[in-house]
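Everything on this sheet refers to the single structure shown next.
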Amino acid sequence: MQIANKYAREIRRGALPPNTRLPSYADIARENNVSEIVIRKAVGQLSRWGLVKTVERRGTYVVPQATLTRLAPERQMESPETTYGNETEDAVTVDREIERLDATAELANAFDIEVGDELVHVITRAAEAGNPVSVSDTYHLPDQETPDAAVLEEVLAERVPSERHADWLGLGEGDPATTVRQRFLGVDDRVLMISDVSYPPGRYQAFSFRMSLNPEDP
Numbered sequence: 012m013q014i015a016n017k018y019a020r021e022i023r024r025g026a027l028p029p030n031t032r033l034p035s036y037a038d039i040a041r042e043n044n045v046s047e048i049v050i051r052k053a054v055g056q057l058s059r060w061g062l063v064k065t066v067e068r069r070g071t072y073v074v075p076q077a078t079l080t081r082l083a084p085e086r087q088m089e090s091p092e093t094t095y096g097n098e099t100e101d102a103v104t105v106d107r108e109i110e111r112l113d114a115t116a117e118l119a120n121a122f123d124i125e126v127g128d129e130l131v132h133v134i135t136r137a138a139e140a141g142n143p144v145s146v147s148d149t150y151h152l153p154d155q156e157t158p159d160a161a162v163l164e165e166v167l168a169e170r171v172p173s174e175r176h177a178d179w180l181g182l183g184e185g186d187p188a189t190t191v192r193q194r195f196l197g198v199d200d201r202v203l204m205i206s207d208v209s210y211p212p213g214r215y216q217a218f219s220f221r222m223s224l225n226p227e228d229p
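For any residue, its number in our numbering is found by taking its place in the sequence shown, counting from 1, and adding 11.
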């Protein structure tokens with residue numbers, strides 16, 4: 012995974028442009044002091060992420076990618092269909108599961124509601140050309156499907172995702188992903204929506220921010 016992540020980062024930031032031929036398995040193995048079997052697994056992971064393709068008798072090449080260097084704050088108000096539609100020319104598919112549930116103690120504390128109060132839980136899975144690119148768990152108050160939020164808080168970092176997210180992204184046990192924790196707050200700082208999103212490793216750079224969603228604020 013370390014080798015796959017290293018190449019993913021180089022591809023995402025443009026250090027390895029589209030159509031660049033990767034070194035041979037033997038060369039990468041020598042460079043990293045591992046076996047060719049390990050390199051085959053690393054390249055296989057890059058292929059599952061849609062970053063490279065292998066051409067028989069010719070080698071492995073970087074495929075064209077959208078320039079994805081960071082998560083822009085304004086995109087958090089978009090649907091996955093819009094976001095990925097702007098990032099790729101490939102077919103984008105989005106699947107959602109929606110359920111109403113009783114708040115656990117942890118969720119009740121986060122939303123400042125009573126244990127057992129109703130919340131809406133949405134699981135969203137997105138793929139480009141059949142390759143998983145994101146999965147999220149979102150919880151919101153019943154009347155906040157589109158949150159009437161004044162502030163968005165977000166923390167993005169590389170960490171091990173939940174088992175459900177790892178399964179969708181095709182990650183092994185303990186493998187890291189690019190994960191995002193979002194909180195949409197009302198004018199009174201009340202939490203209206205919480206979302207945990209996971210992306211394939213290296214897809215975006217890590218950073219944290221807090222922004223006002225009121226265009227009249229300085």
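The C-beta atom is built at its ideal place from N, Cα and C for all residues, glycine as well.
Near residue i, what residues of its chain come up, given a Cβ to Cβ distance below 6 Å and the 5 sequence neighbours on each side ignored?
i	result
VAL105	PRO91, GLU92, ALA137
Which one or two residues does DSSP pair with residue i in a beta bridge?
i	result
MET12	Per DSSP, none; premise fails for MET12.
GLU139	VAL103, ASN142
HIS132	GLU110, TYR150
THR65	THR71
Taking only the alpha-carbon atoms, compute the straight-line gap between residue i and residue j and give it to the nearest angstrom.
i	j	result
VAL171	VAL146	14 Å
LEU57	GLU42	18 Å
VAL166	ASP199	21 Å
ASP101	THR94	13 Å
VAL73	LYS64	7 Å
ARG175	ARG201	28 Å
THR189	ARG107	20 Å
THR135	VAL191	14 Å
THR80	MET12	Bear in mind that the predicted position of THR80 carries a pLDDT of just 41, short of 50, making it unreliable; the figure below should be weighed with that in mind. Those two C-alpha atoms are separated by around 20 Å.
Excluding the 5 residues preceding and the 5 following residue i in the sequence, name in chain order all residues of the same chain whose CB lies nearer than 7 Å to its CB.
i	result
LEU118	LEU130, TYR150
GLU47	TYR36, ALA37, ALA40
For the putative contact between residue i and residue j, defined by C-beta atoms under 8 Å, what is the C-beta separation to the nearest angstrom?
i	j	result
TRP179	PRO143	5 Å
ALA114	GLY127	6 Å
Looking only at its chain, what residues have a beta carbon closer than 8 Å to the beta carbon of residue i, apart from the 5 residues adjacent to it on each side?
i	result
MET204	THR149, TYR150, HIS151, LEU152, GLN155, PRO158, ALA160, GLN193, ARG194, PHE195
ARG45	Checking the sequence shown, residue 45 turns out to be Val, not Arg. Hits under 8 Å: ILE14.
ARG59	ASN142, GLY181
THR78	Interpretation of THR78 is limited by its pLDDT of 44, a score under 50 that renders its predicted location unreliable; the figure taken from the coordinates is listed afterwards. Closer than 8 Å at the Cβ level, and outside the excluded window around THR78, lie GLY25.
Classify residue i as buried or exposed, calling it buried when 16 or more other Cβ atoms lie within 10 Å of its own Cβ.
i	result
GLU139	buried
Just checking: is the beta-carbon of residue i within a distance shorter than 7 Å of some beta-carbon in chain C?
i	result
GLN13	Looking at the structure shown, chain C is missing, and only one protein chain is on hand.
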